Each structure stands twice: as C-alpha cells, then as structure tokens.
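Student: Chains as they are written, first to last, in the working numbering: chain S, 60 to 432; chain D, 60 to 432. Glycine included, every Cβ here is placed at the ideal spot set by N, Cα and C. Every value quoted in this text rests on a predicted model; they were computed, and no experiment measured them.
#1: Taking only the alpha-carbon atoms, compute the straight-line gap between residue 2 (chain S) and residue 220 (chain S) and give it to the nearest angstrom.
#2: Which word fits residue 253 (chain D), buried or exposed, when buried means at least 16 other C-beta atoms lie within 10 angstroms of its C-beta?
#3: Look at the alpha carbon of residue 96 (chain D) and the alpha carbon of residue 119 (chain D), and state the distance between them as a whole number of angstroms.
#4: For the region 336-352 of chain D, which residues have a beta carbon sitting closer than 7 Å to at least one beta carbon of chain S?
#5: Where do the ends of the beta strand (DSSP E) carrying residue 107 (chain D) lie?
#6: By Cβ distance, which residues of its chain are closer than 8 Å to residue 23 (chain S), with the 5 residues on each side in sequence left out?
#7: Look at the alpha carbon of residue 228 (chain S) and the alpha carbon of residue 77 (chain S), and state the distance between them as a whole number of angstroms.
#8: Could you run through the region 143-164 of chain S and flag, in chain order, every residue whose CB is less than 7 Å away from some CB of chain D?
#9: Mind listing, in chain order, the continuous beta strand (DSSP E) runs of no fewer than 3 residues lying wholly within the region 137-195 of chain S?
#10: Jot down the residue ranges of each uninterrupted alpha helix (DSSP H) in the region 211-246 of chain D, minimum 4 residues, whole runs only, in chain order.
#11: Hey, how far is the Cα of residue 192 (chain S) from the Cα of residue 266 (chain S)?
#12: For residue 394 (chain S) versus residue 321 (chain S), is the C-beta spacing smaller than 8 Å?
#13: Output yes or no for whether 8 Å exceeds the beta carbon distance between residue 143 (chain S) and residue 333 (chain D).
#14: Out of D:112, D:105, D:114, which one is the CA nearest neighbour of residue 127 (chain D)?
#15: Which of the three DSSP states, helix, strand or coil, is assigned to residue 255 (chain D)?
#16: Does chain D have any CB closer than 8 Å to the CB of residue 72 (chain S)?
#17: Are the C-beta atoms of residue 363 (chain D) and some chain S residue less than 8 Å apart?
#18: Can you tell me whether DSSP reads residue 343 (chain D) as helix, strand or coil?
#19: Taking any Cβ of chain D, which residues in the region 228-243 of chain S have a Cβ under 7 Å from it, in chain order?
#20: What are the residues of the region 118-140 of chain S that lie near chain D, defined by any Cβ-Cβ distance shorter than 8 Å?
#21: Would the region 341-356 of chain S and the region 380-387 of chain S be scored as touching if the rule is three or more Cβ pairs under 8 Å?
#22: Between D:93, D:154, D:207, which lies nearest to residue 110 (chain D) when the distance is taken from Cα to Cα?
#23: Looking at residue 91 (chain S) and residue 177 (chain S), is the spacing between their C-beta atoms short of 8 Å?
#24: Hey, how far is the Cα of residue 377 (chain S) from the Cα of residue 331 (chain S)?
#25: Checking 8 Å against the spacing of the C-beta atoms, do residue 206 (chain S) and residue 233 (chain S) come in under that value?
#26: Given a cut-off of 8 Å, decide if residue 305 (chain S) and residue 291 (chain S) are closer than it, judged by their beta-carbon atoms.
#27: My assumption, with CB atoms under 8 Å, is that residue 129 (chain S) sits in contact with residue 174 (chain S). Please give the rounded CB distance.
#28: To which residues of the same chain is residue 415 (chain S) closer than 6 Å at the C-beta, ignoring the five residues directly before and after it?
#29: By the criterion of Cβ-Cβ separation under 9 Å, what are the contact partners of residue 85 (chain S) in chain D?
#30: Hey, does residue 265 (chain D) have any beta-carbon neighbour from chain S nearer than 8 Å?
#31: On the DSSP letters alone, give me the boundaries of the beta strand (DSSP E) that residue 368 (chain S) sits inside.
#32: Figure out for me which residue from D:316, D:343, D:256 has the closest Cα to the Cα of residue 302 (chain D).
#33: What residue range does the beta strand (DSSP E) around residue 76 (chain S) cover?
#34: Determine, using beta carbons only, whether residue 260 (chain D) and residue 298 (chain D) come nearer to each other than 8 Å.
#35: Taking 8 Å as the cut-off, does the region 360-371 of chain S touch the region 156-173 of chain S (at least 3 CB pairs, one atom from each stretch)?
#36: For residue 163 (chain S), I'd like the list of residues in its chain whose CB is within less than 8 Å of its CB, leaving aside the five on either flank, ordered along the chain.
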C-alpha cells in the first residue's frame, strides 16, 4: 500500500481512531488500527479500529499510489503524526511488514501487523432504522446518558434504553437505580417495531456524541437485537448492544404529584454548589426545606462545619422537608436549558420529578434521601 | 474578629494561600491559614500561610468591624468561597472558635483553631538585598529553574544558586548533574557581599514566579544565610534557604569549544519532537549527525520503530555525531526566545553549550550521551 494524505485530516482521524482503540493491554492486537484502500475508490481510504464492542470506520480523502492495507499501532502513529509539520504525509508499506511514514524532511519506520489478524468490522443491513437530526441526537444523549450507571455492577443499566412508543415517538431512558432520565423524541423517519427495545452502551454513545458533527446534518441509526450502526458523512460506528432486559421504569415515574414548585435554575445550581461544597461525601447530601415562597438548602451538620442558603421560589403548598444527593440534582439541572425548572413530588418520601416548565419531552426522577439532621 | 471583604479579592488570595499550604496530612495544623487585623490599619487585613519552609503574607483590603484573628482550614474556605456569588463576604468569629461566613443569602459555619497554635511568619530585617524588575526576575527564574533537580536525591541541587560576581552582576545557576543553566543579570540596586552564595528552593521560586505580577513593578529580595524574603505590592514570601554548598560548576562550562553551529530554534524543537515521539524512555535519547550545512536527527533504532529528520543549519566544521537526551535539549530551547540558537562543543564527548547568538547573559550546558546505534 502507498498513499498520501493531508496531515490535518490524518491527525483528526487518528484522534477518533485512538479513542475507540482498547487501552487495556490484555489484547495486544486491539492496540492497532487498519488503513485500507477500497476497490473502485481512487481518492479515499478507510480507517478502522475496534475494541470488539465498539468499531469505528472513517473514510478519509487520500491520493492512492498503490492499493493495499496496513495494520499498525494506533498510539505510536498518533504520537508521531501529532508532531509532524509539513502538509502531506506519505504512508507506504514495504516488505517484512515495515511501514514508512514520510512528512517533509522526516521519515519514520514502524513495524506493522498482518491485517488478517485484526478483527474486521463488517457493515450490515439491519432491519430497524431511525434517521435523526444531529442536534436532536446530541440532545437525546446529553439528557439521558448522565443517569446511566458508570460501574459494572448492573450491566443492563450501563447505557440508554431506546424503545418505540408508537406515533413516531422514540423513548430514550436511563437509570442507575437512584434516579432516571427520560427523553421522548418524535422522529419522522423511522422503521421501528413497537415491541422492540434495545440498550445502547455508554461507551458507544459517548464516542458517537463526541464526534457527532462529523455525521453532517443527520445520523442514520440502524439496528437489530445484537448490534447498532450509526452512520452519516464520512464516519460510521458499529456497537454491540447490551444484552439483558431493561427494568420497567414506568411505576417509578410518579403520576400523582401534588406539590409543585418552580425554581430559577441557575440560582438553584449556584445554591446547591455552595451548600454541597463543604461535604466530604462524594454524592454530597443536602436537605431542602420548602415553605411557601422559600427554598432553604442545608448541608449536613458535621464537626467540620455546615452551610445553609435560601432561594425565593414559586410555591404555595404546605411546608415540608426533603433530602437529595446534590450531585443528582446538579446533573439534571445542568442538562436542562430553561430559565426555570419544576420540581414535583407528593411528600418528603416520594420520588421527585424535575423538568422544564413547558416541555413534556424530558423528565428526570430522583429518589429522595432520608436526611437525619 | 469581624470583617467584610470583596469576594473576588478573597478568592484570589485564597488561591495563593492554598498553594503554599502543606498538602500532606502529616502536620494537620499546616492545613490552616490565618487572617488577622493589623494594629493601626483600618482598611486592610493580613492573610498568611506557611508550610514551615515557605510562608506567604498577603495584605487584602477589608472593612473591619471588629479587630482580631482567626485560623481556619484553607481548603474548606477555598472550596466554599469559590462557589459564592454575591459581591461581599462577611467573616465573623464567634465564641467556641466557630467562624461564620455570610455571602448573599448563604451562611457557612466552620470550626477554627487557636491562632496561637499556628506557626507565625515574622518578617525580618536582612542584611543582603536586591531590587529587581519583575519581568527580569521572571526571566532569571524561567531560564534556570528548569535545570534544577526535581527529586530529593541531592538536596543542594533542588533550587537555584544565587551569587554575586561583582560589577552589579548577579549569577543565577542551576544544575542536576547532567546539565546546567546560568543567567547573568546586571542589577543596579543591590547590596550583596561578593563571597555570598545562597540556594533558593524550587518551591519558593515556583510560587513566587506564579504570582509575580502581584509584586508590582519591582521585587525587593532580602536575605541572609538562612532565609530569603520577596516583597512588593501587597504580597510577601519568606522562604528558608537550602543548606549546603552548591557545586562549583565553572570547570564544567567549556571555554575551548571549536565546533559551532547555528540552528533555527523552532525547526529544531519540532524536529526533536518528531524524532523523540517514538521513544518509550522518559528522557528520549536522540542522535545528532552533524555535517557542513546539515543536522540529521535519529531516534534509537528499536523493534518498535525509528524516526529520522534533517534540518539545514549554519555549520562549516568537520562532520561528527553526538547524542543527547532530547528532553534536555527541548527544555532549554523552550526558554530561549531568539529565532536561532547556537550549539558549541569540542567533540562528540564534550559538554555542549546552548545559547542565543547575540546574548552572553544566558547559557546552558548539556552533557552528551553515549549513543550506540
């Protein structure tokens, strides 16, 4: 293989490639990536990498001198290309699996691996599909992924559950057992069985979200029960889906909240930050003392001190107290974009809904915390 | 004590205070800092912190309601103040060593410590002194501190040696045994015994450098054999000096270099970065192959690959090869500011001088490396 690429394009692609590459050293072959020329395409090459779960294929413009393919260490190439200065990068494979990278006056010689040893990513025709605007897609991820579990304790919660509610309405749902986030998104272009439900892993959504602008205007999502593909522009991701059943969250979403308050979002965020700043616990519990027109926030009362703050709110119901992990409140407040937010609950023990005042498409539910101070 | 401060001023000062505060947990008292009102001063208070080696005293404008002093945990106060929003911060001590911090609607209660338990920083009249322009001072630090040792293996090299050469010329010198950096700075305002030589610790220079703009136009440096004070504007540092003798570096600085080459600095940096990018060693050895008009750079030849590059240089002597740790070359090239740099040496085994072409005030010497590839 012999190709010439623009350094900038190469460098950007390698950054994407590198973030998919497996960083663990248990499977050395996965520290590599593949460049291959495509039959019948004279002006572009295909870069691909995989960690078995998630694969990335990116098409990059290139001048092709000789068809072929190479498989080479991703980090080494990335570290070198990052330092290159000249405009064009010339990549050539020679006998005995050596790769030459020439750029300006510099010349690099790197060992490579038999392409056949690297797991190949095969794009499939899949039965279910959604075509979604890239900005909408970003929203659906941002407003749900934060509530998915981050550790391995419950694999079926390590992602976002996508299902179809009928009426062109997709449902994006995540939970870690203490809170949930739900986004309902109307999508015109879909072919989605209504009994279908898939769990998209966190890593896939994180990576896809990170480079979403490369998809262009729309992302085409296709899937079956095992795998999902995201494609658009010059880029395509393929991920395995999480096996297992997503819990039924409907009973947790309260339907009979009687207490409703409206709080200025930024004021609420700043107040939570102040009050939780003193806590040494990771989730920073905080007590909300609610009375007509007023929300008082109190940190734990501890030997190392305590903080209180008070916000004016729009509330006319009975006075009550309720505790939360302030991290959970801050997570959802930071993905909302409206001036005010609504909190709805029944009493100090009930799950609490947090949402925007005039937007039914998104809601989050947080379980309260028993606070004893 | 009861005082009112501007939040911004408080926040900035706490950042400085916090970077001096001892982060280790072995001496809990040193995790605190002190605020005290000053007799006869109605509009300012004094903040101070120390880790026994380095102390900081900063004067901050304040409205004083009641004279006094407090000693309180630096990190806790910093974490809280960082989140505050209102313009004024009201700090008040109450009975039983509780501190109240009120800002806008928020109120914090923190435990404090007897001020008497905290080591007090006493400013002294010291016999030796230098008054140096802040920009010049920054230069003297930047151009020497990089070559000082960073580990504890040789305490007398963990800083910059300051001495007086006569003729208003101060000498700033550092070495880690593999390289040295020397800055000669002419200073008009000094009172410095010519046989005097002090070693200023790395931490002091790093902190003083970081906040140098707070000194105003000039820094006043006073010292004896034990301690050094840096003052100017509203801020004062006091540091213990490193005990011990700084090695005599004069014999290491070559006087009889016969080979001299001129290299474009940025080109040299970029070339070193490319060639060293592949190395897995921390100091990234590189070989320079010098011939008339040409500098070739070669990485190690290793199983994981190799990189070479070539630069046009101004050189007319005999051809030779010499090895260096590329990190040492990059360190000195990055503190030089001229378009070109000069390398001077005698042969492939001799210490090499690196400096700017028309500036005798600074030089660095790097020991070569035996490269066997």
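Tutor: From the atom records:
#1: For residue 2 (chain S) there is no data in the structure shown, the boundaries of chain S being 60 and 432.
#2: exposed
#3: 10 Å
#4: 336, 337
#5: 103-109
#6: This structure cannot speak to residue 23 (chain S), because chain S is shown only from 60 to 432.
#7: 35 Å
#8: 143, 144, 164
#9: 147-152, 157-162, 165-170, 187-192
#10: none
#11: 17 Å
#12: no
#13: yes
#14: D:105
#15: coil
#16: no
#17: yes
#18: coil
#19: none
#20: 132, 135, 138, 139
#21: yes
#22: D:93
#23: yes
#24: 22 Å
#25: yes
#26: no
#27: 7 Å
#28: 395, 397
#29: Residues of chain D passing the Cβ test: none, with the nearest at roughly 19 Å.
#30: no
#31: 365-371
#32: D:256
#33: Careful: residue 76 (chain S) lies outside any beta strand (DSSP E), inside the alpha helix (DSSP H) at 66-79.
#34: yes
#35: no
#36: 143, 144, 145
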